[in-house]
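Just below is one structure, and these are the notes that go with it.
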Amino acid sequence: MDSEVGVVTAVDEKTGMVTVRMKRSTACSRCNACTSLGGQEISVQAKNDCNAKLHDNVRISLPSTLYFTAVGVLYGFPFVGMIFGFIIGMYGGTLAGLNEYAPLVGFSCGIIFMSLVYWAIRQRDKKDKKHTKKHSPMAVEVVN
0 MDSEVGVVTA VDEKTGMVTV RMKRSTACSR CNACTSLGGQ EISVQAKNDC NAKLHDNVRI
60 SLPSTLYFTA VGVLYGFPFV GMIFGFIIGM YGGTLAGLNE YAPLVGFSCG IIFMSLVYWA
120 IRQRDKKDKK HTKKHSPMAV EVVN
């Protein structure tokens, strides 16, 4: 379980979430999962498991299983979509009599399928953010 320390900048009592500002660590690798505030600062929405108040320093934790699941979804699914699209495009290009252009058709279909998978992930992410907090980081303790 990875953890970072940041400052609570907003508390939403209704949803039980806090907004935490912290410095971007090297583990982040600019993945853009958090809102960038410019430079080395990021803003993270987290479950308020430690009843943090405004301006408290809190430890934010993200379970390793959640991290690996996210990596699998963000990189694995689009890769599979790209390969599937390439195979379908190559096969379709060959059936259509475009033998010399079949790799180009396959490449184009691979890019289209990968884009569709990214779009589907994005749509699912928007839906999940509205309805669930199960994939959110957690504010686990107030630190001094």
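Numbering that gives the first Met the number 0 puts the last residue of the sequence shown at 143; the count rises by one with no breaks. By construction, the Cβ of each residue, glycine as well, lies at the ideal position given by its N, Cα and C atoms.
| message | I believe G15 touches I59 by the beta-carbon criterion, under 8 angstroms. Please report the beta-carbon distance rounded to the nearest angstrom. | response | No, G15 and I59 are not in contact; Cβ-Cβ is about 15 angstroms, not under 8 angstroms.
| query | Where do the N-terminal and C-terminal ends of the alpha helix (DSSP H) with S135 fall, by residue? | reply | Looking at the DSSP string, S135 is not in any alpha helix (DSSP H), and its letter there is neither H nor E.
| query | Starting from T18 and walking both ways along the beta strand (DSSP E), at which residues does that stretch end? | reply | 16 to 22
| Considering A45, what are the terminal residues of the beta strand (DSSP E) in which it resides? | 40 to 47
| Under a three-way DSSP split, which group does A51 fall into? | coil
| task | Could you spell out the range, first to last residue, of the beta strand (DSSP E) harbouring V79? | result | V79 -> not in any beta strand (DSSP E); alpha helix (DSSP H) instead, spanning 76 to 94.
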